[in-house]
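Okay, structure first, notes after.
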Amino acid sequence: MFSRPLWHEATRSRLTLWLTILFSVLGGGATILQAYWLSRIVNQVFLQGAALADVQGLLWALLLLLLARALIGGGREVAANQIAATIKEDLRNRLFAHVQALGPVQAMGERAGELTAVLTTHVDALEAYFSQYLPQLFVAALVPLAILMDIFPTDWLSGLVLLLTAPLVPLFMVLIGRYAETLTKRQWGLLSRMSAHFLDVLQGLTTLKMLGQSKRQANNIANITDRFRDATLSVLRIAFLSALVLELLSTLSVAIIAVAIGLRLLHGGIPFQEALFILILAPEFYLPLRMLGQRFHAGMDGTAAARQIFALLEREPVAAKDEAAARQPDLQSAIVFDDVHVAYQQGDRPALHGVSFTIEPGEIVALVGPNGAGKSTIASLLLGFVQPDSGHVQPEDRPRTAWVAQRPFLFHDTLANNIRLGKPEATDEAMIAAARQAHIHDFITTLPAGYETVIGERGARLSGGQAQRVALARAFLMDAPLLILDEPTAHLDAATAADLLAATAALLHGRTALIIAHRPQTIAIADKVVSVENGRVVSIEKRQESKEARSKWETSTESPPMDYSVPTAAYDAPTNDASTLTTLRTLLSFLRPYPDWVSLAVLLGALTIGSSIGLMGTSAYLISAAALQPSIAELNVAIVGVRFFGLSRGVFRYLERLVSHSLTFRLLARLRVWFYEAIEPLAPARLQQYRSGDLLNRIVSDIETLQEFYVRVVGPMLVAAVITIGITWMMSRYAPQLALALLLLLLANGVALPLFVHFSSRQLGNDLIVTRSILQNQLLDGIQGMADLQAYGQTQRTAQQVAASNAQLARIQRRFAWIHGLHVVLGEFLAQFGVWTAVSLAIP
1093 MFSRPLWHEA TRSRLTLWLT ILFSVLGGGA TILQAYWLSR IVNQVFLQGA
1143 ALADVQGLLW ALLLLLLARA LIGGGREVAA NQIAATIKED LRNRLFAHVQ
1193 ALGPVQAMGE RAGELTAVLT THVDALEAYF SQYLPQLFVA ALVPLAILMD
1243 IFPTDWLSGL VLLLTAPLVP LFMVLIGRYA ETLTKRQWGL LSRMSAHFLD
1293 VLQGLTTLKM LGQSKRQANN IANITDRFRD ATLSVLRIAF LSALVLELLS
1343 TLSVAIIAVA IGLRLLHGGI PFQEALFILI LAPEFYLPLR MLGQRFHAGM
1393 DGTAAARQIF ALLEREPVAA KDEAAARQPD LQSAIVFDDV HVAYQQGDRP
1443 ALHGVSFTIE PGEIVALVGP NGAGKSTIAS LLLGFVQPDS GHVQPEDRPR
1493 TAWVAQRPFL FHDTLANNIR LGKPEATDEA MIAAARQAHI HDFITTLPAG
1543 YETVIGERGA RLSGGQAQRV ALARAFLMDA PLLILDEPTA HLDAATAADL
1593 LAATAALLHG RTALIIAHRP QTIAIADKVV SVENGRVVSI EKRQESKEAR
1643 SKWETSTESP PMDYSVPTAA YDAPTNDAST LTTLRTLLSF LRPYPDWVSL
1693 AVLLGALTIG SSIGLMGTSA YLISAAALQP SIAELNVAIV GVRFFGLSRG
1743 VFRYLERLVS HSLTFRLLAR LRVWFYEAIE PLAPARLQQY RSGDLLNRIV
1793 SDIETLQEFY VRVVGPMLVA AVITIGITWM MSRYAPQLAL ALLLLLLANG
1843 VALPLFVHFS SRQLGNDLIV TRSILQNQLL DGIQGMADLQ AYGQTQRTAQ
1893 QVAASNAQLA RIQRRFAWIH GLHVVLGEFL AQFGVWTAVS LAIP
């Protein structure tokens, strides 16, 4: 499926794109030359009786051509993968910047897991589109055209068959693609919801365990993964049906050409060399079209993922102001809300109606009202998270602002870095002074690593009161003239709340503040109380006793006893001592309950390859026998064989892909449940070794990657073993020398080369997993901690960290592209060298 937005992205890498096109053109030319040289060699040996010495020069020229073709194929793969890595890096950076521009209010309309899925899984889905589907579009457009231009002058009848059948390929793809479009959208929607559900479960696992509900989540995960599996298989059935149609169309067309050429050879209507040349090129004509059909699923996936990516990019940001770091250092005048109206979701959810009130410099204003009254929207206006639909908030250049949320977001970092969030350049002395003012210093000094203690994701290793004190320390350190607090004592016991209120009162001294208040003790320290209901200001009350209340709390030095115990097990670093062999055994163990499915997939795969061999063998026999002009009765068996193998290959291939993918997605669903059941007992303490972004990456992306292991490694290896044994046995009966040579080449291509690639890329693979996990965690922190990051002016710094990890990931993937290109070159050359060896050894 062609996507204009994705094509526009591809044109950003013009040089690499043109290289991909150039390699496609050169590949077509090399294919034609290979067919010509091969047909010429066979013609001289078969009909003219030439000896090996007579065709030695042609054989060496053919070998050089085969090497050139392999190099061209590898170059095309490298160029295509370079395009994919560049586009993914650029898109992910733009997406993250755009999500930050949307702001926490607008972006949080989506679940964090769904947004993270768009920035990770959806962007990664574009790799197959750009590295496989888009290059194959070029190959499918250019190579058949080049072959057609070469066949028509040689034999117009065969060219006409190719010309009439070729347009049916894109026609069927378009028809089937339209039918599959709705199913693909549903599949990617389920993937986003599955990611969001997994994130909710992983981050809430401790709570679920406390409530005795954690084990039940295994059934929920099984249900949602089963729904995703069913949706994916629905799409794959359509994609495989498309490939089946193309397979049948191409093989039947080749069979028709082979039979027609054979009959004309029988009557001397076409020279043997031309007939063989056409027969070699006919499958090559349809091969790019068949490969396009096989990669049609990658095209549908990429297009569906792109829709969600560009839908997010097209959302208009509504955040009012730039980074908090760019705000004014002082509050020079009153903050005035003048007839402010705000509505979320394009006016569907009115939040504020004509709100008007004033915050004087040095004044502390308490916002009170029921949940949903509009208090948070007023705070969001001051923080720059939203802007008014009408009315004004003056002055437009508001001062630097410190923010203490009801549930502050603490990052998986040291206590020092969490306190320094709003002022990264602060000295240790200033940071410690802020911690003392927030009544958290004494606790920190009891920790083994002190201020360098990593507090876990979202402050998992801190209590609620300790987390609030860290947030207050941030505000003390920032020393901003304007302070916004969202009831910092909510959800705390009375003693802890009293201690926090004392620290808060000290923080308010000499500052302008807006407090979203619920508790009477908090309201008591305000100079003015603004009551809000249904988005409207219903009353404004000035208070005279606020200074006395604040003075009372400021002079209160008694703090409740704090739990200074540290769960030391939580600080142990996770280790991974599993060897490659152990991991391989574990992965293969999941196949044990499905021996029948595995056997059926291997059998169908072997029958597919066997049908391909049968088709080429009977076709070659047909034209070679016809060249000797025997009775037509002697060709009947070959003609029937060509038709049978032409039909059976497509059917067997369709069934094999359906069975192997059904088995694979059943295994992936089982793996996700197994993974959850493995980590569930670790909660709460031992699970703190892992971050939810890392766990989310493992349960979604890493397990999804195992699809390639089962479909493209285990299955093909078993099929290759069966075919190798069969071919070696068959060849040994006729030409033992040829059987031995082919066996060695098959072992080199099927065993030695994969091992070489594995050891060459093992470290890169480890680096890829680590970097992808780091990036996922940074993206998740950037989304879930967006409000704190923007309030404290750290959005740009976070974006730079994400961009650095994203660039590192792209570098690793580009290096992988070179290894993959080398794999293609060696694999293609070894395969073609097998053909060359067979021809050379067969010449007497």
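Heads up: the sequence shown begins at 1093 in the working numbering, then just goes up one per residue.
Virtual Cβ for every residue (Gly too), placed ideally from N, Cα, C.
Since this is a predicted model, take the numbers as computed values, not measurements.
| Unbroken stretches of the beta strand (DSSP E), 3 residues or longer, contained in the stretch 1450 to 1483 | 1456 to 1460
| query | When the distance is taken between beta carbons, is residue 1567 closer than 8 Å to residue 1491? | reply | In the sequence shown, counting from the first residue as 1, residue 1491 sits at position 399. In the sequence shown, counting from the first residue as 1, residue 1567 sits at position 475. It is not a contact, given that the beta carbons lie outside the stated cut-off.
| task | Measuring alpha carbon to alpha carbon, tell me which of 1859, 1719 and 1792 ends up nearest residue 1139. | result | Residue numbering aside, residue 1139 sits at position 47 when the sequence shown is read from its first letter. Residue 1719 is the option with its Cα nearest to residue 1139.
| said: Please state the DSSP three-state secondary structure of residue 1714. | reply: Counted from its first residue, the sequence shown places residue 1714 at position 622. Three-state DSSP puts residue 1714 in a helix.
| task | Indicate whether the contact test is met: 3 or more Cβ pairs, each with one atom in the stretch 1689 to 1704 and one in the stretch 1804 to 1814, closer than 8 Å. | result | yes
| Status (buried if at least 16 other CB within 10 Å, exposed otherwise) for residue 1634 | By one-based count along the sequence shown, residue 1634 stands at place 542. The residue is exposed, with fewer than 16 neighbouring Cβ atoms inside 10 Å.
| Selected residue, minimal CA-CA separation from residue 1299, among 1775, 1787 and 1365 | The residue given as residue 1299 occupies position 207 in the sequence shown. Minimum Cα distance to residue 1299 is reached at 1775.
| said: Using DSSP's beta-bridge definition, name the partner residues of residue 1607. | reply: Walking along the sequence shown from the start, residue 1607 turns up at place 515. DSSP output for residue 1607 lists 1458 and 1577 as bridge partner(s).
| task | Just mark residue 1418 as buried or exposed, buried being the case when its beta carbon has 16 or more other beta carbons within 10 Å. | result | Within the sequence shown, numbered from 1, the residue matching residue 1418 stands at position 326. With a pLDDT of 47 at residue 1418, under the threshold of 50, the modelled position of this residue cannot be trusted; read the value that follows with caution. Classification of residue 1418: exposed, given that the 10 Å Cβ count is below 16.
| message | Please return the same chain residues whose Cβ sits closer than 6 Å to the Cβ of residue 1655, not counting the five positions on each side in sequence. | response | For this step, residue 1655 is matched to residue 563 along the sequence shown. Note that residue 1655 has pLDDT 42, beneath the 50 cutoff, so the model's placement of it is unreliable and the number below is only indicative. Closer than 6 Å at Cβ, skipping near neighbours: no residue.
| Roughly how many whole angstroms lie between the Cα atoms of residue 1677 and residue 1314? | Taking the sequence shown and counting its residues from 1, one reaches residue 1677 at position 585. Taking the sequence shown and counting its residues from 1, one reaches residue 1314 at position 222. One C-alpha to the other measures close to 23 Å.
| message | Judging by CA-CA distance, which residue of 1870, 1885 and 1918 is the nearest neighbour of residue 1848? | response | Here residue 1848 refers to the residue found at position 756 when the sequence shown is read from its first residue. Cα-wise, what sits closest to residue 1848 is 1918.
| message | Looking only at its chain, what residues have a beta carbon closer than 8 Å to the beta carbon of residue 1928, apart from the 5 residues adjacent to it on each side? | response | Counted from its first residue, the sequence shown places residue 1928 at position 836. So the list reads 1151, 1154, 1155 and 1158, once near-sequence residues are dropped.
| field | Extent of the continuous alpha helix (DSSP H) to which residue 1334 belongs | value | Here residue 1334 refers to the residue found at position 242 of the sequence shown. Here the alpha helix (DSSP H) through residue 1334 covers 1309 to 1358.
| field | Stretch pair the stretch 1318 to 1332 + the stretch 1386 to 1395: three plus CB contacts closer than 8 Å | value | yes
| request: Give the straight-line distance between the Cα atoms of residue 1466 and residue 1593, rounded to the nearest whole angstrom. | output: Against the sequence shown, residue 1466 aligns to sequence position 374. Against the sequence shown, residue 1593 aligns to sequence position 501. Each residue's Cα considered, the two are about 24 Å apart.
| Quick one: Cα of residue 1550 to Cα of residue 1488, how far? | Mapped onto the sequence shown, residue 1550 falls at position 458. Mapped onto the sequence shown, residue 1488 falls at position 396. Rounded to the nearest angstrom, the two C-alpha atoms are 33 Å apart.
| query | Where does residue 1921 sit, in a helix, a strand or coil, going by DSSP? | reply | By 1-based counting over the sequence shown, the position of residue 1921 is 829. If DSSP states are grouped into helix, strand and coil, residue 1921 belongs with the helices.
| field | For residue 1692 and residue 1144, the rounded distance between their alpha carbons | value | Locating residue 1144 in the sequence shown gives position 52, counting from the first residue. Locating residue 1692 in the sequence shown gives position 600, counting from the first residue. Their backbone Cα atoms lie some 44 Å apart in a straight line.
| task | Could you check which residue in 1367, 1232 and 1454 has the C-alpha nearest to that of residue 1265? | result | To locate residue 1265, count along the sequence shown from 1; it is residue 173. Of the candidates 1367, 1232 and 1454, the one whose C-alpha sits nearest the C-alpha of residue 1265 is 1232.
| query | Taking the alpha-carbon positions, what's the residue 1444 to residue 1464 distance? | reply | Counted from its first residue, the sequence shown places residue 1444 at position 352. Counted from its first residue, the sequence shown places residue 1464 at position 372. Rounded to whole angstroms, residue 1444 to residue 1464 spans 10 Å at the Cα level.
| request: Could you check if residue 1885 is buried or exposed, using at least 16 other CB atoms within 10 Å of its CB as the buried criterion? | output: Position 793 of the sequence shown, counted from the start, is the residue given in the question as residue 1885. When all chains shown are included, residue 1885 counts as buried.
| field | Boundaries of the alpha helix (DSSP H) in which residue 1134 is found, first to last residue | value | Here the question's residue 1134 lines up with position 42 in the sequence shown. Run containing residue 1134: 1106 to 1138, per the alpha helix (DSSP H) assignment.
| query | How about the stretch 1370 to 1382 and the stretch 1720 to 1733: do they share at least three Cβ pairs that are nearer than 8 Å? | reply | no
| request: Could you check the C-alpha separation between residue 1852 and residue 1345 for me, to the nearest Å? | output: By 1-based counting over the sequence shown, the position of residue 1852 is 760. By 1-based counting over the sequence shown, the position of residue 1345 is 253. Cα to Cα, residue 1852 sits roughly 42 Å from residue 1345.
| query | Which same chain residues, not among the five before or five after residue 1340, have their C-beta less than 6 Å away from its C-beta? | reply | Translated into positions along the sequence shown, residue 1340 becomes position 248. Hits under 6 Å: 1742.
| query | Helix, strand or coil: how does DSSP classify residue 1305 here? | reply | Counted from its first residue, the sequence shown places residue 1305 at position 213. Note: residue 1305 maps to coil in three-state DSSP.
| field | Same chain, Cβ closer than 6 Å to residue 1349, five either side skipped, listed in chain order | value | Counting from one through the sequence shown, the residue named residue 1349 turns up at place 257. Closer than 6 Å at the Cβ level, and outside the excluded window around residue 1349, lie 1250, 1253 and 1374.
| message | Quick check: the Cα distance between residue 1783 and residue 1548, rounded to an integer number of angstroms? | response | As a first step, residue 1783 is located in the sequence shown; it is residue number 691 there, counting from the start. As a first step, residue 1548 is located in the sequence shown; it is residue number 456 there, counting from the start. Taking the straight line joining both Cα atoms gives about 8 Å.
| Does the Cβ of residue 1100 have 16 or more other Cβ atoms within 10 Å, making it buried, or fewer, making it exposed? | On the sequence shown, residue 1100 is found 8 positions in, with the first residue counted as 1. Flag for residue 1100 reads exposed.
| query | Of all the beta strand (DSSP E) runs that stay within the bounds of the stretch 1506 to 1581, which reach a length of 3 or more residues? | reply | 1574 to 1578
| Exposed or buried, residue 1482, counting other C-beta atoms within 10 Å across all chains shown (16 or more means buried)? | Stepping through the sequence shown from its first residue, residue 1482 is reached at position 390. Classification for residue 1482: exposed.
| Taking the C-alpha atoms as reference points, what is the distance between residue 1887 and residue 1196? | Numbered from its first residue, the sequence shown carries residue 1887 at position 795. Numbered from its first residue, the sequence shown carries residue 1196 at position 104. Those two C-alpha atoms are separated by around 11 Å.
| task | Identify the continuous beta strand (DSSP E) that holds residue 1239 and give its terminal residues. | result | What you label residue 1239 is simply residue 147 of the sequence shown in a count that begins at 1. Note, residue 1239: premise wrong, no beta strand (DSSP E); alpha helix (DSSP H) at 1226 to 1246.
| What is the DSSP secondary structure of residue 1067, counted as helix, strand or coil? | This structure does not reach residue 1067, given that the chain is present from 1093 up to 1936, and the question cannot be answered.
| query | Excluding five sequence neighbours on each side, which residues of the same chain lie with their C-beta closer than 7 Å to the C-beta of residue 1219? | reply | The residue given as residue 1219 occupies position 127 in the sequence shown. The answer, listed in chain order, is 1176 and 1180.
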